[in-house]
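Please read the structure below before turning to the comments.
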Amino acid sequence: MDRQRVSTGTEWESQVGYSRAVRAGDTVRVAGTIATDDDGEVVAPGQPYEQTKHALAIVTDALDDLGASADDVVATRMYVTEMAHQTDVGRAHEEVFGDVRPAATMVEVSGLAAEGAIVEVEAEARVD
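Numbering of the sequence shown is given in our numbering, commencing with residue 2 and proceeding in unit increments.
Here it is as structure tokens:
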């Protein structure tokens, strides 16, 4: 099976051995994505809406790089450090996926990979 990968060049990708996104056949999976800038610094610490928007922009860029789009997404997973943020996280998710309405899961976790990160997003898409 043909496999295509996208990397954002973060040090985590080489340290852990993963890709930001992988396309295998008609499936595109985007790894858990937190809101970081080009230097790997967390964007908008403590701000769930802004972090989700930024993370989703990274996700949709990775989808685009592999010939998919937000319209092709069939499932998302959102990890939050406080379920009290669900409204803000959900609002940012709806802005990207409101018409698509993928299967979505939101889970509260005790922490994420970088200090200040409070939201992480994964996505799976199917393309023709």
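By construction, the Cβ of each residue, glycine as well, lies at the ideal position given by its N, Cα and C atoms.
Within this structure, are the beta carbons of residue 115 and residue 35 separated by less than 8 Å? Counted from its first residue, the sequence shown places residue 115 at position 114. Counted from its first residue, the sequence shown places residue 35 at position 34. Going by C-beta atoms, residue 115 is nearer than 8 Å to residue 35.
Given a cut-off of 8 Å on the beta-carbon distance, is the pair residue 107 and residue 81 in contact? The residue you call residue 107 lines up with position 106 of the sequence shown. The residue you call residue 81 lines up with position 80 of the sequence shown. Contact flag set, yes.
Using only the alpha-carbon positions, how far apart do residue 31 and residue 53 sit? Taking the first residue of the sequence shown as position 1, residue 31 is located at position 30. Taking the first residue of the sequence shown as position 1, residue 53 is located at position 52. Their backbone Cα atoms lie some 15 Å apart in a straight line.
Please report how far the alpha carbon of residue 85 lies from the alpha carbon of residue 97, in whole angstroms. Reading the sequence shown from its first residue, position 84 is the one you call residue 85. Reading the sequence shown from its first residue, position 96 is the one you call residue 97. Cα-Cα distance, rounded: 21 Å.
What do you reckon, are the CB atoms on residue 20 and residue 7 nearer than 8 Å? The residue labelled residue 20 in the question sits at position 19 within the sequence shown. The residue labelled residue 7 in the question sits at position 6 within the sequence shown. Yes. Within cutoff.
If the criterion is Cβ atoms closer than 8 Å, does the pair residue 110 and residue 29 meet it? Here residue 110 refers to the residue found at position 109 of the sequence shown. Here residue 29 refers to the residue found at position 28 of the sequence shown. Against a cut-off of 8 Å, the Cβ pair of residue 29 and residue 110 comes out as no contact.
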